[in-house]
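Be aware that the sequence shown starts at 6, since it is given in this note's numbering, and climbs by one per residue.
Glycine residues also receive a C-beta, built at the ideal position from the N, C-alpha and C atoms.
It should be emphasised that the depicted structure is a prediction, and the values quoted were computed from it without experimental measurement.
Worksheet for the structure shown next.
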Amino acid sequence: MKMETVTGRILITGALGQIGTELSAKLSEIYGKDNVIATDIREEHDNNPAGYYEVLDVMDLEKAKSIIEKYNIKIVYHLASLLSGTAEKNPQLAWKLNIDPLLFFLNLAKDKTIDQIFWPSSIAVFGREIPKQNVGQEVPLNPSTVYGITKLAGEKWCEYYFNKYGVDVRSVRYPGLISWKAPAGGGTTDYAVEIYYKAIEDGKYTSFISENTAMPMMYMDDAIDATLQLMHAPKETLTVHTSYNLGGMSFAPKELAASIQKEIPDFQINYEPDFRQAIADSWPSSIEDTVAKKDWNLSYRFDMDAMTKDMLKNLKVKLGK
Ligand code: AKB
Numbered sequence: 006m007k008m009e010t011v012t013g014r015i016l017i018t019g020a021l022g023q024i025g026t027e028l029s030a031k032l033s034e035i036y037g038k039d040n041v042i043a044t045d046i047r048e049e050h051d052n053n054p055a056g057y058y059e060v061l062d063v064m065d066l067e068k069a070k071s072i073i074e075k076y077n078i079k080i081v082y083h084l085a086s087l088l089s090g091t092a093e094k095n096p097q098l099a100w101k102l103n104i105d106p107l108l109f110f111l112n113l114a115k116d117k118t119i120d121q122i123f124w125p126s127s128i129a130v131f132g133r134e135i136p137k138q139n140v141g142q143e144v145p146l147n148p149s150t151v152y153g154i155t156k157l158a159g160e161k162w163c164e165y166y167f168n169k170y171g172v173d174v175r176s177v178r179y180p181g182l183i184s185w186k187a188p189a190g191g192g193t194t195d196y197a198v199e200i201y202y203k204a205i206e207d208g209k210y211t212s213f214i215s216e217n218t219a220m221p222m223m224y225m226d227d228a229i230d231a232t233l234q235l236m237h238a239p240k241e242t243l244t245v246h247t248s249y250n251l252g253g254m255s256f257a258p259k260e261l262a263a264s265i266q267k268e269i270p271d272f273q274i275n276y277e278p279d280f281r282q283a284i285a286d287s288w289p290s291s292i293e294d295t296v297a298k299k300d301w302n303l304s305y306r307f308d309m310d311a312m313t314k315d316m317l318k319n320l321k322v323k324l325g326k
């Protein structure tokens, strides 16, 4: 891949998380690892592919500022966030962690200290008073979860800073993300990651989401491609300044289990829904993303069966099976 040049360096928060792990690697490949500074709250960072690593609790805004200055950061991928399951248990922490650092980075962009921000929103912004299927870009947003409220507020802040100060902040509403490199943590869609580990390790899985509850999902390779397509798109082509819908695919636990059974015929699944079922019930089952396709050529490479094949192949190697 041809290496791109950047006028300043790139900072990633939450770099050891599910998205951050893969985005750090991809950005290091594209821009050169010396241009990528990975940060996360964790001390250990053995497999960090970026050129630099700094321990950062993203709520420590003084430290964040000193890292921005030290490395001449111009682009921020601000990924650190509490996800839906964890946020429901810690509403106040979720509000502080999911909003304060976003506002901090938006203000740095307003003051022209940094040039561009990526911030992830989620399908959690959707809630009641809309159809379950093919939810469009512009619909009433009525989240019923703490996480959804933080993501909706964040989207509105992004739009406000764009409208008022011309801040170049870009965002997508990620569906559930499925990947094998780093585990998911604290989300409602995490069952769709755990199921693959358990299929390989135990041949069976107990799902905390009920068998027919479909949610929008996406393989991580497609999510990383979409993120970079959006960040590289010419500013003038973008028409959404809250957050772009990403549809990916839509499936229920029963359908994912059937996809795994094509590869592991003896795999068994049963269902014990927990508090996350109510969160899943409040979300759409599928998302429509024609605006992203039109504005910045969003496209996907993986359907459910292609994802299952790739997940199982890579996880078997990772788990030594
Ligand atoms: C979660 O389940 O909380 C996340 C999300 C859909 O944003 N994966």
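No Cβ-Cβ contact shorter than 8 Å links residue 44 with residue 88. Exclusion of the five residues before and after residue 312 leaves 183 and 224 as the residues of its chain whose Cβ lies within less than 7 Å of its Cβ. For residue 316, the three-state secondary structure derived from DSSP is helix.
Counting C-beta pairs closer than 8 Å gives fewer than three between the segment 140 to 147 and the segment 229 to 241, which falls short of the contact rule. Set against 7 Å, the gap from the CB of residue 129 to the closest heavy atom of the ligand AKB is smaller. The C-beta distance from residue 178 to residue 248 rounds to 5 Å, short enough to fall under 8 Å.
The residue among 34, 53, 14 and 13 with its C-alpha nearest the C-alpha of residue 25 is 53. Exposure of residue 47 is indicated by the presence of fewer than 16 other C-beta atoms within 10 angstroms of its C-beta.
With fewer than 16 other CB atoms across the displayed protein chains lying within 10 angstroms of its CB, residue 283 is exposed. For the pair of segments examined, the segment 261 to 278 was found not to touch the segment 108 to 116: the number of CB pairs separated by less than 8 Å stays below three. Between residue 153 and residue 129 the beta-carbon gap is near 4 Å, inside 8 Å, which marks them as a contact. With respect to the C-alpha of residue 161, the residue from 151, 149 and 174 having the closest C-alpha is 174. With fewer than 16 other CB atoms across the displayed protein chains lying within 10 angstroms of its CB, residue 67 is exposed.
Just so you know, the alpha carbons of residue 166 and residue 92 end up roughly 25 Å apart. Using a C-beta cut-off of 8 Å, the segment 117 to 129 makes contact with the segment 75 to 82, since at least three inter-stretch Cβ pairs fall below that distance.
A Cβ-Cβ separation of about 7 Å places residue 320 in contact with residue 202 under the 8 Å criterion. Exclusion of the five residues before and after residue 156 leaves 126, 127, 129 and 130 as the residues of its chain whose Cβ lies within less than 6 Å of its Cβ. Judged by DSSP secondary structure, residue 275 falls within the beta strand (DSSP E) whose first and last residues are 273 to 276.
Cβ atoms of residue 286 and residue 194 stay farther apart than 8 Å, at about 13 Å. The beta carbons of residue 60 and residue 69 sit about 12 Å from each other, so the pair does not count as a contact at 8 Å. Residue 25 has its CB no nearer than 7 Å to any heavy atom of the ligand AKB.
Here the distance from the Cβ of residue 232 to the nearest heavy atom of the ligand AKB is not below 7 Å. Residue 29: not part of any beta strand (DSSP E); member of the alpha helix (DSSP H) spanning 23 to 36, first to last residue.
Between the ligand AKB and the CB of residue 252, the shortest heavy atom gap is not smaller than 7 Å. With a threshold of 7 Å, the Cβ atom of residue 208 does not count as near the ligand AKB, since no heavy atom of the ligand is closer than that. Taking C-beta atoms as the reference points, residue 163 and residue 100 fail to come closer than 8 Å.
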